[in-house]
Structure formats: structure tokens, C-alpha cells
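Notes follow the structure.
Protein chains in written order, with our numbering: chain X, 1 to 401; chain C, 1 to 236.
Shown next as C-alpha cells:
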């Protein structure tokens with residue numbers, strides 16, 4: 001293509017100037033890629049930290065709300081009251097668990113009886129949240145077994161697992177017995193089978209585990225469970241999956257994002273900051289390319305004028321300059337993507353003594369396609385104004401210069 | 001004899017605010033195929049303006065212009081560009097070669113740009129033209145490595161590339177030393193003689209004008225013409 005040949009010759013007629021220009025574009029793209037990878041890595045890290053030890057979706061009985069019943073057939077104002085004769089529970093939980101098991105997006109299920117209780121040892125009393133679950137599924141949602149620092153963790157019929165902070169506060173250790181007094185007024189002597197340390201304060205200080213069978217009499221729930229906790233292979237899909245499960249089961253399904261609105265806001269704010277940096281990178285690229293091409297178009301006025309005198313179409317001249325913009329953008333973006341990726345990989349390789357990276361960067365999420373497309377498009381857009389100006393050069397004026 | 005150019009009542013007035021400057025005051029000019037015509041005149045007499053109008057680079061204020069039987073004074077900008085490309089050739093005082101291209105590419109440019117590429121036929125014609133202007137050994141030389149005279153010869157070859165009906169030359173030897181000027185003028189005469197190409201050469205140099213088949217003199221925007229026999233020696 002002749003127009004490409006002309007654009008290429010023009011572009012590389014001043015190699016040092018073109019090199020500087022392409023370097024500028026590449027630097028902008030490197031910043032774009034680095035920021036995109038850093039923000040993605042940070043978001044992944046924060047999400048993993050939040051979702052790693054908690055459920056992605058919680059299924060609970062639907063909330064019962066007292067409401068006024070309206071209708072022309074009712075002679076008097078009627079009110080639907082919330083029944084307090086029955087416990088809120090999921091009676092058909094085995095069916096729900098079966099449904100969840102058939103879903104390939106679900107990676108872990110934990111049917112639970114959750115409730116409040118006090119641990120009493122002599123004069124010391126500590127409030128705890130009791131979680132009753134199947135002993136073999138204790139690690140389904142949070143990693144508990146690997147974090148047991150004392151005891152064997154075998155819950156058995158009257159076993160209890162407590163966090164290290166609770167153990168310290170009550171002076172308890174594995175093998176010791178403690179009185180559990182539940183919110184239902186049931187007292188039972190249990191044996192501490194293990195003490196765990198997860199590093200998550202809310203778990204280590206407030207949570208105690210018992211088996212599902214132990215929990216039933218404690219919370220007077222002979223059949224049902226209070227909640228079913230679910231983990232997915234893609235935490236980001238939790239909202240959609242929760243909506244589906246809510247409709248399919250009639251239960252109240254809460255995705256992790258709704259329980260961590262602060263995190264979502266923080267991630268969004270972080271994303272907006274990244275977007276602003278990306279936009280400024282692009283703007284600087286566009287301004288750089290535009291100013292270089294404006295100068296080039298001005299410098300080549302007489303050449304363009306002679307082309308116009310020979311009747312070379314305006315479209316051809318327009319294309320010469322637009323193609324220069326495209327070449328600068330494309331080459332700069334390719335180099336910038338490569339250097340950005342290299343920079344991310346290098347930074348990822350710098351680790352702390354524990355083996356974790358100093359920066360939570362995700363080199364594979366550098367937004368390379370976007371960087372390539374946006375930079376190339378930006379450079380083309382930047383070239384349009386100088387290209388239009390060049391294509392409208394008055395041949396007579398240019399020749400007489 | 002085929003009529004190549006017919007300009008009737010050409011007027012050009014430049015306006016600067018309320019001030020009007022008439023430059024051409026009713027020019028009637030005809031050129032037949034194969035003529036080599038010199039346009040003489042003092043500086044500011046309107047030579048370049050007339051050439052620009054005939055070259056469709058400038059619109060006349062009044063008058064009609066017919067080139068190769070086609071009325072061209074009312075053409076749109078796009079059509080004028082197409083017409084210039086197909087029917088007219090230009091040689092300027094300064095060669096105006098494209099510095100980033102070789103001699104061959106410069107010659108082929110007027111044909112290659114609208115066509116989207118240099119075809120083998122274009123390449124062959126460009127080589128032939130360069131051979132003809134005595135630059136066979138400079139075909140693939142970058143334009144920047146040619147001497148002033150060589151560049152002007154390339155410019156002549158470029159003007160001939162599309163086999164134009166009329167070649168307009170504005171002071172083609174103005175920037176050259178005597179030897180180079182002689183070479184360039186000889187070349188134009190040769191092309192005129194051998195190909196029957198029509199030349200309109202604007203010059204202020206009597207020596208150049210004397211070697212043309214006809215001389216026209218422009219004085220204060222009006223044309224006076226006479227015919228002279230070509231002479232063999234050009235003394236610059």
C-alpha cells in the first residue's frame with residue numbers, strides 16, 4: 001500500500017524524534033498496564049482476604065414481617081402477625097443441600113445451626129457464637145483444622161472447638177470441660193477438643209464449633225438448620241447466584257458483597273482512581289502524538305503542497321498522517337505492553353521473607369488489549385486534526401513558501 | 001493543429017479588505033499541441049498568477065479556461081485536483097522533490113498516489129523517464145543525494161509521468177547554474193520535439209525565451225505576443 005509506504009518514510013525520516021515519540025507513548029502505556037495490574041491484584045487480594053474465610057452466599061429462612069392486609073372483601077382492617085410460635089429454621093435443608101451439590105459453580109456447602117451462648121468457667125463468663133456443623137465439613141468455609149494449635153479437633157458427641165483468644169480469656173485448654181449456656185436456656189457441660197488460631201480476630205475471639213448433633217438439643221432444633229453457607233468457584237458471581245438460589249429455594253440468600261459493603265465501596269473507589277490515572281496516561285499520549293504530528297504537518301507543508309499541486313487526492317494526504325498516528329500508537333502500545341508486563345513480572349518477583357510479593361500485582365490482568373486498542377485509537381484520534389490541516393494545505397501557498 | 005489551451009478574458013483581482021488589486025486584465029491565450037511557449041514579463045507583471053490559473057491552482061475572477069477541449073474554470077476542488085493529476089505537469093523554480101523518496105519514487109509519485117501503489121508499468125515508465133533525462137545511474141538514489149541540476153531533471157521526469165497535455169514550468173532554470181540550466185532547457189526542448197509535449201514556460205530570462213517557439217510578454221496584466229524561431233545555443 002503506497003500510502004503506508006509514504007507514512008512509514010515520513011515517520012522514520014527523523015529516527016531520533018520518532019524514537020522519542022514512541023518512547024513517550026510506550027511509557028504512558030507502561031504506566032497504564034502497571035496501574036491496571038496493580039489495582040486488579042489489590043482487588044483480588046482484598047477480595048480473597050474477605051472471602052477466603054467466609055461464605056460467598058448465606059442462605060437463611062426468609063424474614064417474616066408483620067404487615068397490614070388490604071382488600072375490599074375484608075370487613076375490618078386485618079394484620080398478618082409474625083408468628084413467634086415457631087423457630088426460624090430451614091426444615092427442608094437436605095433438599096437445598098442436594099440442589100446446591102448439583103450446581104457445578106458451588107465448591108463447598110455447610111449446613112449449620114448457629115446461635116448465641118455463654119461459656120462459663122467458675123466465675124468467668126464469655127459470650128460466644130456457636131456454630132453447629134457436620135464435623136467432616138468443618139473446613140468447608142474456613143480453614144479450621146490446619147489451624148488447631150492444641151488438641152485433635154475431633155468434635156465427637158460433646159466436643160467443643162474454641163478460638164485461642166477465648167481459651168486465653170477463660171484459661172481453657174484441650175481436654176478441659178466447660179459449661180455452655182445457650183440462648184435457649186439449655187446448659188450442657190462440653191469438653192474442649194481443640195484450640196484454633198486463624199489470625200482472624202472475630203473467629204479466634206467469638207466463635208466456637210460443635211457438631212450438628214450436639215447443637216440440636218442445645219438450640220432446641222430437632223430437624224432443621226438455621227443457615228446454609230455456600231462457597232463458589234467464582235466469588236464475583238455471588239450476586240447472580242444468590243438471586244438464583246433465593247428464587248429457587250424461597251430462602252433469603254445474601255451474597256458476600258452485601259455483607260461487606262465497605263469493601264465494595266473501597267474497591268470501587270480504588271477502581272475509579274485507577275481509571276483516572278489511565279485516562280490521564282491516555283490524554284498525555286494523545287497530546288504528545290497530536291503535537292508531534294502538528295509539527296510534522298507544518299514542517300512538510302511544502303511537500304504536501306507539491307503533492308496537492310500534482311493532484312494527489314486530499315484523502316491520500318489525510319491517510320498519510322492518520323497512518324503515522326496509527327503506527328506511533330500501535331508500536332508504542334506494543335512496546336509499552338511488553339515493558340509493562342516485564343515491570344509487573346519483575347515487581348511480582350520481589351518477595352518478602354514469607355514468600356509473598358511486596359506488591360499485590362496481577363501481571364496477567366494488565367488490561368493489555370484495552371491498552372493496545374485505546375492507545376492506538378487515541379493516537380489515530382490525535383492525528384486527525386493535523387491530518388485534516390495537512391490535507392487542506394493550499395498548494396499555491398505551500399509552493400510559494 | 002489540436003488546441004491544448006484556450007484562455008479567454010482571464011481576469012484576476014486580489015482583494016485585501018476594501019482594497020482591490022487587479023493583476024490580470026483580460027488575458028486571451030491559446031496554445032496548440034507541441035508548442036514550446038515562453039511567458040516573459042517583469043516581476044509583478046502577473047506571470048505566476050497566470051500560470052497558477054492555467055494550472056488550476058488559482059481560480060480566475062473572470063474569464064473562461066478550456067484545456068484539451070474541457071471547460072475547467074468551473075470545476076470543483078476535487079475535480080480540479082483530478083484534472084491536474086491526469087492532464088497537467090508542473091516544473092517549479094525549486095525542484096520540490098520529496099526528500100524521503102528515491103528519484104524513481106519521486107517520478108512515479110503522481111501516478112502511484114491516486115492508484116494506491118507503484119505498479120510494474122509505473123516503475124518501468126519512471127525508469128524510462130529517468131534514463132531519458134540522463135539519470136539512469138541515479139534511479140534508486142535518494143533525492144537528497146542528487147545535485148541541483150539532477151533534482152530539476154527528476155522534477156521534469158515527474159512532470160511527464162502521467163503523459164500530460166500541458167506542462168507548466170515556472171522559472172524552471174531560475175535556481176540553476178548555466179550548465180545545469182542548459183541541460184534542463186535542452187531536455188525540455190527534446191521532449192517537446194520528440195513527444196510533441198506542450199510547454200508553457202514562465203521566465204524572466206531572455207536567453208531561455210529565445211529558445212522557445214513562441215514568446216509571450218505580460219505587461220501590467222495584459223498580454224503582448226510575438227513569434228520567434230528557436231535558436232540552438234543557449235547562453236543563459
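Backbone N, C-alpha and C define an ideal beta-carbon position, used for all residues, glycine too.
Sixteen is the threshold: since fewer than 16 other Cβ atoms of the shown chains lie within 10 Å of the Cβ of residue 16 of chain C, the residue is exposed. By the criterion of a C-beta distance shorter than 6 Å, residue 118 of chain C is surrounded in its chain by 108 and 112, once the five residues flanking it on both sides are discounted.
Around residue 175 of chain C, the same chain offers 93, 94 and 148 as residues with beta carbons nearer than 7 Å, after the five sequence neighbours per side are excluded.
Only residues of its own chain outside the window of five on either side were considered, and among them 218 have a CB closer than 6 Å to the CB of residue 186 of chain X, listed in chain order.
Residue burial annotation: residue 229 of chain X is buried, with at least 16 other C-beta atoms found within 10 angstroms of its C-beta. With a threshold of 16 other beta carbon atoms within 10 Å, residue 71 of chain C falls short and is exposed.
In terms of CA proximity to residue 34 of chain C, C/195 leads the group C/98, C/173 and C/195.
The C-alpha of residue 9 of chain X lies about 59 Å from the C-alpha of residue 242 of chain X. In the three-state reduction of the DSSP assignment, residue 58 of chain X falls in the strand class, which pools E and B. With a cutoff of 7 Å on beta-carbon distance, residue 345 of chain X and residue 363 of chain X are scored as near each other.
The Cβ neighbour count for residue 368 of chain X, taken over all protein chains shown within 10 Å, is at least 16; the residue is labelled buried. Taking 3 residues as the shortest admissible run, the region 138 to 213 of chain X contains the following complete beta strand (DSSP E) segments, listed from N- to C-terminal end: 148 to 151, 159 to 163, 177 to 182, 187 to 196 and 207 to 211.
Below 8 Å, enough C-beta pairs join the region 317 to 335 of chain X and the region 1 to 20 of chain X to call them touching: three or more. In the structure shown, residue 357 of chain X falls within a strand segment according to DSSP collapsed to helix, strand and coil. Interface with chain X (7 Å Cβ-Cβ cutoff): residue 76 of chain C is excluded. For the pair residue 208 of chain X and residue 170 of chain X, the CB atoms are not nearer than the 7 Å cut-off.
Within the same chain, Cβ atoms closer than 6 Å to the Cβ of residue 318 of chain X are found at 387 and 391, the five residues on either side in sequence being excluded. Listed by position along chain X, the residues whose Cβ is nearer than 8 Å to that of residue 118 of chain C are 2. Each residue's CA atom was taken as its position, placing residue 168 of chain C and residue 162 of chain C some 14 Å apart. At a cut-off of 7 Å, the C-beta of residue 199 of chain C has no neighbouring C-beta in chain X.
For residue 100 of chain C, the C-beta contacts it makes with chain X under 9 Å involve 6, 9, 10, 12, 13 and 303, in order along the chain.
Residue 90 of chain C sits buried, since 16 or more C-beta atoms from the chains shown fall within 10 Å of its C-beta.
By the criterion of a C-beta distance shorter than 7 Å, residue 185 of chain C is surrounded in its chain by 173, 208, 211 and 234, once the five residues flanking it on both sides are discounted. At a cut-off of 7 Å between beta carbons, residue 316 of chain X contacts chain C. Straight-line measurement puts the Cα of residue 24 of chain X at about 14 Å from the Cα of residue 382 of chain X. Residue 373 of chain X is classed as exposed because its beta carbon has fewer than 16 other beta carbons within 10 Å across all chains shown. Residue nearest to residue 28 of chain C within the set C/20, C/12 and C/43 is C/12 (criterion: CA-CA distance).
Scanning its chain for C-beta atoms nearer than 7 Å, with the 5 sequence neighbours on each side dropped, one finds around residue 199 of chain C the residues 36, 37, 167, 169, 188 and 192, in chain order. The criterion of a C-beta distance shorter than 7 Å is not satisfied by residue 237 of chain X and residue 195 of chain X.
Excluding residues up to 5 positions away in sequence, 104 and 108 lie with their Cβ nearer than 8 Å to the Cβ of residue 123 of chain C in the same chain.
Contact note: residue 121 of chain C does not reach chain X at a C-beta cutoff of 7 Å; the least C-beta distance is about 14 Å. For residue 192 of chain C, the enclosing alpha helix (DSSP H) starts and ends at 178 to 195. Contact annotation: in the region 56 to 86 of chain C, residues whose CB is within less than 9 Å of a CB in chain X are 56, 57, 58, 77, 78, 80, 81, 82, 83, 84, 85 and 86.
In this structure, the alpha-carbon of residue 116 of chain X lies about 9 Å from that of residue 181 of chain X. Distances from the alpha-carbon of residue 130 of chain C to those of C/80, C/190, C/220 and C/157 put C/157 closest. By the rule that beta-carbons nearer than 7 Å mark a contact, residue 325 of chain X does not touch chain C.
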